[in-house]
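Novice: The structure's right below; bear with me while I get my questions together.
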Amino acid sequence: MKNVQISQELFMQLLRFHLMEDVDCENEIKQELEKKLDKMVMRDLYGKFKTAPTEEEREQARKEYLDRRGVPESFRW
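The structure is reproduced here in structure tokens:
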């Protein structure tokens, strides 16, 4: 299993939420975790785009990556 790095701010919010039962920071935690998950998915797609064994798989990963990045079809190669 791989390690995942988070910001110190998010770590402190998680501590407050779980150890001090401070539910005020719940929405902030959710937003930060969603952003982190999006970044992880994008990194995974980029890796697949660069290292997929077949040309078809590389092209599929490239398209999905560019779709998620919001790159218009007319701007792609």
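Residues 12 to 88 in this note's numbering are what the sequence shown spells out, letter by letter. Idealized CB from N, CA, C, for every residue including glycine. If you're wondering where the values come from, they're calculated on a predicted model, not measured in any experiment.
1) Exposed or buried, what is Q16 when buried is set at 16 or more other beta-carbons lying within 10 Å of its beta-carbon?
2) Which class does S18 belong to by DSSP, given the choice of helix, strand or coil?
3) With H, G and I counted as helix, E and B as strand and the rest as coil, what does DSSP make of D33?
4) Is the distance from the Cβ of D63 to the Cβ of R69 below 8 Å?
5) R73 and F86: beta carbons closer than 8 Å?
6) At the level of alpha carbons, what is the spacing between N14 and E84?
7) State the DSSP-derived secondary structure class of R69, mapped to helix, strand or coil.
8) Starting from the Cα of K46, find the closest Cα among S18, D78, G81 and give me that residue.
Specialist: In this structure, then:
1) exposed
2) coil
3) coil
4) The residue you asked about is not Asp; residue 63 is Ala in the sequence shown. Taking 8 Å as the Cβ cut-off, A63 and R69 qualify as a contacting pair.
5) no
6) 34 Å
7) helix
8) S18
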